[in-house]
Amino acid sequence: MKYISTRGGDAPKSFCDVVLEGLCRDGGLAMPESIPQIPRETLDQWRKIERYSDLAVEIASLYATDIPREDLKKMMDRAYNGENFAVESIITTRNIANNVTILGLSEGPTFAFKDMAMQFLGQLFPYILEKQNKTLNIVGATSGDTGSSAIHAMKGKPRINVVMLSPYNRMSAFQTAQMYSVQDENIHNIAIEGVFDDCQDLVKALNNDIAFKEKHHLGAVNSINFARILAQIIYYFRGYFMATKSNDEKIDVVVPSGNFGNIFAGIMARKMGLPIHKLILATNENNVLDQFFKTGIYQPRASKEVHLTSSPSMDIAKASNFERFIYLLAGSDKTKALWQEIEEKGFFDLSKDPLWAERAMWNIESGSSSHADRIKTIQAVFENSGELIDPHTADGVFVGSHYLDQHIQLCLETAKPIKFYETIKQAVKDAPFDLTEVTRIEALPQKKEVMANNVTLLRQFIEAVLD
Ligand SMILES: *Cc1c(COP(=O)(O)O)cnc(C)c1O
Numbered sequence: 001m002k003y004i005s006t007r008g009g010d011a012p013k014s015f016c017d018v019v020l021e022g023l024c025r026d027g028g029l030a031m032p033e034s035i036p037q038i039p040r041e042t043l044d045q046w047r048k049i050e051r052y053s054d055l056a057v058e059i060a061s062l063y064a065t066d067i068p069r070e071d072l073k074k075m076m077d078r079a080y081n082g083e084n085f086a087v088e089s090i091i092t093t094r095n096i097a098n099n100v101t102i103l104g105l106s107e108g109p110t111f112a113f114k115d116m117a118m119q120f121l122g123q124l125f126p127y128i129l130e131k132q133n134k135t136l137n138i139v140g141a142t143s144g145d146t147g148s149s150a151i152h153a154m155k156g157k158p159r160i161n162v163v164m165l166s167p168y169n170r171m172s173a174f175q176t177a178q179m180y181s182v183q184d185e186n187i188h189n190i191a192i193e194g195v196f197d198d199c200q201d202l203v204k205a206l207n208n209d210i211a212f213k214e215k216h217h218l219g220a221v222n223s224i225n226f227a228r229i230l231a232q233i234i235y236y237f238r239g240y241f242m243a244t245k246s247n248d249e250k251i252d253v254v255v256p257s258g259n260f261g262n263i264f265a266g267i268m269a270r271k272m273g274l275p276i277h278k279l280i281l282a283t284n285e286n287n288v289l290d291q292f293f294k295t296g297i298y299q300p301r302a303s304k305e306v307h308l309t310s311s312p313s314m315d316i317a318k319a320s321n322f323e324r325f326i327y328l329l330a331g332s333d334k335t336k337a338l339w340q341e342i343e344e345k346g347f348f349d350l351s352k353d354p355l356w357a358e359r360a361m362w363n364i365e366s367g368s369s370s371h372a373d374r375i376k377t378i379q380a381v382f383e384n385s386g387e388l389i390d391p392h393t394a395d396g397v398f399v400g401s402h403y404l405d406q407h408i409q410l411c412l413e414t415a416k417p418i419k420f421y422e423t424i425k426q427a428v429k430d431a432p433f434d435l436t437e438v439t440r441i442e443a444l445p446q447k448k449e450v451m452a453n454n455v456t457l458l459r460q461f462i463e464a465v466l467d
């Protein structure tokens with residue numbers, strides 16, 4: 001399998017090479033040249049596989065064709081086991097209403113679904129670096145969960161440094177503690193005086209400077225990395241098998257969305273042949289994606305227009321992986337032209353484009369929620385089922401409730417409720433939380449550097465600290 005850029009400007013590359021590279025040289029995102037098709041017989045076999053990690057090997061071997069299968073198996077066994085995850089099954093299902101099932105993806109070390117992909121990357125990166133005799137400096141941006149998850153997956157790993165930018169004073173106390181309490185020497189937390197998109201822009205600025213990027217071996221773990229999409233495709237398959245009795249059933253899947261990475265993995269899984277009927281995209285007040293699916297206009301916002309919400313991991317102004325979706329619809333020439341339009345005008349409008357006339361075939365619904373909607377949803381779910389859900393998952397359950405049909409609706413749980421206990425207490429006063437672990441982590445000593453939103457300072461830091 002070769003990988004090409006969504007903007008068509010890069011020579012085809014192998015899986016391992018695009019994983020290390022992150023963003024393509026032409027500014028686009030890596031995509032496989034073709035999407036593997038899973039025949040019904042294979043789906044039937046996959047349903048019978050007992051261990052999560054074994055299904056992971058089957059799916060990964062279709063995409064990572066330059067890695068021997070036995071090596072993939074070792075990596076998957078080390079990534080997906082009962083030590084890294086709180087349950088042997090790795091993911092869980094629980095019913096919250098007739099036909100509505102929560103798919104629990106947050107049993108990893110940082111209590112959020114990002115661990116699902118990051119634990120794989122924590123194996124994959126050192127493996128590739130060892131093979132190619134290279135080192136890697138991961139420079140990433142996080143609104144909380146990604147960074148934490150990356151840090152916990154990469155801490156102490158050979159050949160890797162992590163420089164993680166996070167918005168200063170804009171994460172929950174627990175998210176902050178989870179990130180800044182890691183003391184390993186290869187982990188560098190930088191608190192940027194700005195919002196998440198400022199952090200993301202700083203990372204992009206470095207990546208666009210190819211000379212700097214190569215000199216300092218910069219790479220990415222944010223959701224533009226195709227290996228993360230791959231790891232996420234796996235739980236769509238596994239979740240489908242867990243939530244249904246046979247491969248004749250179709251399901252709807254609700255995805256709390258920010259950077260469009262999680263739902264894009266669902267789009268890929270459906271294209272591979274997984275019987276997903278509708279994908280339902282949920283946003284919070286930062287609803288650029290909902291706006292696109294309602295109007296055909298994609299208009300990323302300025303970072304100062306980002307609302308700070310009670311589902312902070314979805315507080316984004318633009319959705320990087322959305323480019324991959326447009327590429328699948330329209331091809332690389334048009335993708336390149338549309339992103340050029342964004343550069344020039346700040347948006348693109350497909351409402352008069354022939355593509356928009358076909359949107360019923362996309363089978364994607366969307367909606368957004370407010371803080372009040374989330375609180376009410378958390379309350380209602382608790383009253384009706386005794387289950388607690390976190391505010392991001394509540395975005396999903398709320399939006400999903402407008403699109404119930406005859407199919408099972410699988411709502412992806414992107415974080416554990418305990419991670420956002422402060423918000424949940426607003427909804428359910430006597431929420432049955434055991435806060436021992438949270439209190440322990442919040443009390444740990446923290447290590448971070450505060451920095452102005454300035455790319456020159458960041459360059460200086462990297463030059464001084466790495467290599
Ligand atoms: C990252 C994240 C999201 C958004 O996922 P995307 O892949 O960026 O769309 C939603 N909820 C939580 C808790 C997250 O950490």
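Those letters in the sequence shown? Residues 1 to 467, per UniProt numbering, in order. From the three backbone atoms N, C-alpha and C, an ideal C-beta is built for every residue, glycine too. Since this is a predicted model, take the numbers as computed values, not measurements.
### Rounded Cβ spacing between K157 and G122 (contact assumed at less than 8 Å)
Translated into the one-based positions of the sequence shown, residue 157 becomes position 157. Translated into the one-based positions of the sequence shown, residue 122 becomes position 122. Yes, they are in contact, since the Cβ atoms of K157 and G122 sit about 6 Å apart, within 8 Å.
### Message
One question on the structure: do I128 and C199 come within less than 7 Å of each other, judged by their Cβ atoms?
### Response
In the sequence shown, counting from the first residue as 1, residue 128 sits at position 128. In the sequence shown, counting from the first residue as 1, residue 199 sits at position 199. No, Cβ-Cβ distance for I128 and C199 is not below 7 Å.
### Message
Taking the beta strand (DSSP E) that D405 belongs to, which residues open and close that run?
### Response
The count along the sequence shown starts at 1 and reaches residue 405 at position 405. Taken as a continuous stretch (DSSP letters only), D405 belongs to no beta strand (DSSP E), as it is neither H nor E.
### Query
Measuring CA to CA, which of F347, V255 and I234 is closest to V288?
Taking the sequence shown and counting its residues from 1, the one referred to as residue 288 is at position 288. In terms of CA proximity to V288, F347 leads the group F347, V255 and I234.
### Message
On the CB-based measure, 16 or more other CB atoms within 10 Å of its CB, does I229 come out buried or exposed?
### Response
Position 229 of the sequence shown, counted from the first residue, corresponds to residue 229. Buried, because 16 or more other Cβ atoms sit within 10 Å of the Cβ of I229.
### Task
Determine the contact status of I224 and M268, defining contact as a CB-CB distance below 7 Å.
Counting from one through the sequence shown, the residue named residue 224 turns up at place 224. Counting from one through the sequence shown, the residue named residue 268 turns up at place 268. The answer is no: Cβ separation not under 7 Å.
### Task
Go ahead and pull the three-state DSSP assignment for M31.
Taking the sequence shown and counting its residues from 1, the one referred to as residue 31 is at position 31. If DSSP states are grouped into helix, strand and coil, M31 belongs with the strands.
### Task
Flag H307 as yes when its Cβ comes closer than 6 Å to any non-hydrogen atom of ligand 1, and as no otherwise.
Residue mapping note: residue 307 aligns to position 307 of the sequence shown, counting from 1. No, the Cβ of H307 stays beyond 6 Å of every heavy atom of ligand 1.
### Query
So, helix, strand or coil for H188, using DSSP?
Sequence index remark: in the sequence shown, residue 188 carries index 188 (1-based). Note: H188 maps to strand in three-state DSSP.
#### Entry: Where C199 falls: helix, strand or coil (DSSP)
One-based indexing of the sequence shown puts residue 199 at position 199. Helix.
### Task
For the segment 136-191, list the beta strand (DSSP E) runs that are entirely contained and at least 3 residues long, ordered along the chain.
Restricted to the segment 136-191, the beta strand (DSSP E) segments that are unbroken, complete and at least 3 residues in length are 136-141 and 160-167, listed in chain order.
### Query
Taking the alpha carbon of F293 as the point to measure from, which residue in L355, K250, M314 and G331 has its own alpha carbon closest?
Working through the sequence shown from its first residue, we reach residue 293 at position 293. Selected option, being the one with the closest Cα: L355.
### Query
When burial is assigned at 16 or more other CB atoms within 10 Å of the CB, is T335 buried or exposed?
Along the sequence shown, one-based indexing puts residue 335 at 335. By the neighbour-count rule (16 or more Cβ atoms within 10 Å), T335 is buried.
#### Entry: Simplified DSSP state of I441, which is helix, strand or coil
Your numbering for residue 441 matches position 441 in the sequence shown. I441: helix per DSSP, three-state reduction.
#### Entry: Residues that DSSP places opposite S368 in a beta bridge
Sequence index remark: in the sequence shown, residue 368 carries index 368 (1-based). Answer by DSSP bridge pairing, in chain order: T283.
### Message
Less than 7 Å between the beta carbons of T42 and A243, yes or no?
### Response
Position 42 of the sequence shown holds residue 42. Position 243 of the sequence shown holds residue 243. No. Outside cutoff.
### Query
So does the segment 183-195 actually touch the segment 299-317, counting three or more Cβ pairs closer than 8 Å?
yes
### Query
Fully enclosed by the UniProt domain "Threonine synthase N-terminal" (2-80), which alpha helix (DSSP H) runs are 4 residues long or longer?
15-21, 40-48, 52-63 and 69-79
### Message
Short of 6 Å in beta carbon distance, which residues of its chain neighbour P391, apart from the five on each side in sequence? Order them along the chain.
### Response
In the sequence shown, counting from the first residue as 1, residue 391 sits at position 391. Here the set comprises S310, S311, R374, F420 and T423.
### Query
Cβ of A227 within 7 Å of Cβ of V19?
Position 227 of the sequence shown, counting from 1, holds the residue named residue 227. Position 19 of the sequence shown, counting from 1, holds the residue named residue 19. Yes, Cβ-Cβ distance for A227 and V19 is below 7 Å.
### Query
Quick one: what's L129 bridged to in DSSP?
Counting from one through the sequence shown, the residue named residue 129 turns up at place 129. Answer by DSSP bridge pairing: none, since L129 is not bridged.
### Task
To the nearest angstrom, report how far apart M272 and M451 are at their CA atoms.
Counting from 1 along the sequence shown, the entry for residue 272 is found at position 272. Counting from 1 along the sequence shown, the entry for residue 451 is found at position 451. For M272 and M451, the distance between alpha carbons rounds to 44 Å.
### Task
Please report how far the alpha carbon of G82 lies from the alpha carbon of S53, in whole angstroms.
Here residue 82 refers to the residue found at position 82 of the sequence shown. Here residue 53 refers to the residue found at position 53 of the sequence shown. Computed Cα separation, rounded: 11 Å.
### Query
For D430, does the count of other Cβ atoms within 10 angstroms reach 16, so buried, or fall short, so exposed?
Counting from one through the sequence shown, the residue named residue 430 turns up at place 430. Classification of D430: exposed, given that the 10 Å Cβ count is below 16.
### Query
Less than 6 Å between the CB of S257 and some heavy atom of ligand 1, yes or no?
For the purposes of this step, residue 257 is identified with residue 257 of the sequence shown, where counting begins at 1. Within the cutoff, so yes.
### Query
When you compare only the Cα positions, how much space is there between Q45 and W362?
In the sequence shown, the residue the question calls residue 45 occupies position 45. In the sequence shown, the residue the question calls residue 362 occupies position 362. Cα to Cα, Q45 sits roughly 28 Å from W362.
### Query
In whole angstroms, what is the alpha-carbon distance linking F325 and P109?
As a first step, residue 325 is located in the sequence shown; it is residue number 325 there, counting from the start. As a first step, residue 109 is located in the sequence shown; it is residue number 109 there, counting from the start. C-alpha separation (whole angstroms): 30 Å.
### Message
According to DSSP, simplified to helix, strand and coil, what is G346?
### Response
Indexing the sequence shown from 1 puts residue 346 at position 346. The answer is coil: DSSP assigns G346 none of H, G, I, E or B.
### Query
What do you reckon, are the CB atoms on residue 517 and M116 nearer than 7 Å?
In this structure the chain extends from 1 to 467, so residue 517 is not present and cannot be described.
### Query
What is the DSSP secondary structure of N95, counted as helix, strand or coil?
Residue numbering aside, residue 95 sits at position 95 when the sequence shown is read from its first letter. Three-state DSSP puts N95 in a strand.
### Query
Do you know how far the Cα of D395 is from the Cα of F120?
Indexing the sequence shown from 1 puts residue 120 at position 120. Indexing the sequence shown from 1 puts residue 395 at position 395. One C-alpha to the other measures close to 27 Å.
### Message
Between which two residues does the beta strand (DSSP E) holding I102 run?
### Response
Position 102 of the sequence shown holds residue 102. Here the beta strand (DSSP E) through I102 covers V100 to G104.
### Message
So L279 and I263 are supposed to be a Cβ contact under 8 Å. How far apart are they, rounded?
### Response
Within the sequence shown, residue 279 is the residue found at index 279, counting from 1. Within the sequence shown, residue 263 is the residue found at index 263, counting from 1. Right, their Cβ atoms sit about 6 Å apart.
### CB of D248 within 7 Å of CB of H277, strictly
Here residue 248 refers to the residue found at position 248 of the sequence shown. Here residue 277 refers to the residue found at position 277 of the sequence shown. Taking C-beta atoms as the reference points, D248 and H277 fail to come closer than 7 Å.
### Task
Return the residue from the list A319, V221 and G144 that minimises the CA-CA distance to A112.
Your numbering for residue 112 matches position 112 in the sequence shown. Residue G144 is the option with its Cα nearest to A112.
#### Entry: Inter-residue spacing [alpha-carbon to alpha-carbon] between S369 and L410
Within the sequence shown, the letter at position 369 stands for residue 369. Within the sequence shown, the letter at position 410 stands for residue 410. Annotation: S369 to L410 spans about 18 Å, alpha carbon to alpha carbon.
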